[in-house]
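**Q** Take a look at the following structure, please.
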Amino acid sequence: MATAESGSTTGNDTATQIAPDQEHMQLQSSDHLGMVMVSALLTGNNYFAWSRAVKRALTAKMKLDFIDGTAVWPARNGEVFQRWNRSDSMVTTWILNCMSKELAEAFMYVGSSRELRLELEARFGKSNNLMIYQLEREIGKVALGNVSITEYYTKLKKLWDELCAWLP
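First residue of the sequence shown: 1, per the UniProt record's numbering; consecutive thereafter.
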């Protein structure tokens, strides 16, 4: 079994290497608490698009494991737990930073980033008949009018993709 960390000293420099199975717990110098990962904050109605954007950002940061359940909560003692908890707290903060102020306050007391994702999914991720109806109406109203074919197709494709995400 690989060790969590191995330090090697060269002169006055100490290099720490993270085991490959724990790379998701490593924080980079660019990772900070004020980071907003996506351009559009979660307001509720935009959950599916927002969720996809957050998952992409977390994948790029090698932190998706925290919300999808792959990164399991280690025993609550020792250095591995401290590193895991620090990284999970950072991920939780990033997700809260990507929400409207009102929603962030409502979810402030969740225990972990995975718990936050599960609560958000339970509240906003269920099929919503009203939203499906509204999207179907919008699709029916889309007309070529004075816009280019490209703009028309782009708008229609966006609505169809959103509708597909809402369908059970």
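Yeah, the Cβ is synthetic: ideal placement off N, Cα and C, and Gly gets one too.
Count Cβ pairs between the region 57-74 and the region 91-107 that sit closer than 8 Å; are there 3 or more?
**A** yes
**Q** Say whether the region 68-79 touches the region 37-52, bearing in mind that this needs 3 or more beta-carbon pairs closer than 8 Å, one atom from each stretch.
**A** Taking a cut-off of 8 Å for Cβ pairs, the region 68-79 and the region 37-52 do not touch, as fewer than three such pairs fall below it.
**Q** State buried or exposed for Ser-87, treating a residue as buried only when at least 16 other CB atoms are found within 10 Å of its CB.
**A** Here residue 87 is taken as the residue at index 87 of the sequence shown, counted from 1. Buried, because 16 or more other Cβ atoms sit within 10 Å of the Cβ of Ser-87.
**Q** Phe-107 and Leu-116: beta carbons closer than 7 Å?
**A** Here residue 107 is taken as the residue at index 107 of the sequence shown, counted from 1. Here residue 116 is taken as the residue at index 116 of the sequence shown, counted from 1. For Phe-107 and Leu-116, yes; Cβs fall inside 7 Å.
**Q** Kindly list the residues whose CB is nearer than 8 Å to the CB of Ser-112, restricted to its own chain and excluding five residues on each side of it in sequence; keep chain order.
**A** In the sequence shown, residue 112 corresponds to position 112, counting from 1. Excluding positions up to five away in sequence, the list reads Phe-66, Trp-73, Asp-88, Thr-92.
**Q** Are the beta-carbon atoms belonging to Ile-139 and Leu-120 less than 7 Å from one another?
**A** Taking the sequence shown and counting its residues from 1, one reaches residue 139 at position 139. Taking the sequence shown and counting its residues from 1, one reaches residue 120 at position 120. The answer is no: Cβ separation not under 7 Å.
**Q** Sorted by chain position, which residues of the same chain lie with C-beta nearer than 6 Å to Met-131's C-beta, five sequence neighbours on each side aside?
**A** What you label residue 131 is simply residue 131 of the sequence shown in a count that begins at 1. Only Trp-166 meet the Cβ criterion.
**Q** Tell me which same chain residues have a C-beta within less than 7 Å of the C-beta of His-46, skipping the five on either side of it?
**A** Reading the sequence shown from its first residue, position 46 is the one you call residue 46. Reading off the sequence shown, one finds Asn at residue 46, where the question assumed His. The residues are Ala-40.
**Q** Could you tell me which whole alpha helix (DSSP H) segments of length 4 or greater appear in the region 47-102?
**A** Within the region 47-102, the runs of alpha helix (DSSP H) that reach at least 4 residues and sit entirely inside it are, in chain order, 47-60, 64-68, 78-97.
**Q** So, with DSSP's three-state summary, where would you put Leu-167?
**A** Residue 167 sits at position 167 when you count from the first residue of the sequence shown. Leu-167: coil per DSSP, three-state reduction.
**Q** Which term fits Tyr-153, buried or exposed, when burial requires 16 or more other beta carbons within 10 angstroms of its beta carbon?
**A** Translated into the one-based positions of the sequence shown, residue 153 becomes position 153. For Tyr-153, the number of other beta carbons within 10 angstroms of its own is below 16, and it is reported as exposed.
**Q** Measure the alpha-carbon distance for Gly-69 versus Arg-114 and round it to whole angstroms.
**A** If you number the sequence shown from 1, residue 69 lands on position 69. If you number the sequence shown from 1, residue 114 lands on position 114. Roughly 7 Å between the two C-alpha positions.
**Q** For a test of the three-state rule: what should DSSP assign to Leu-156, helix, strand or coil?
**A** Start at 1 with the first residue of the sequence shown, and residue 156 comes out as number 156. DSSP places Leu-156 in helix when its eight states are reduced to three.
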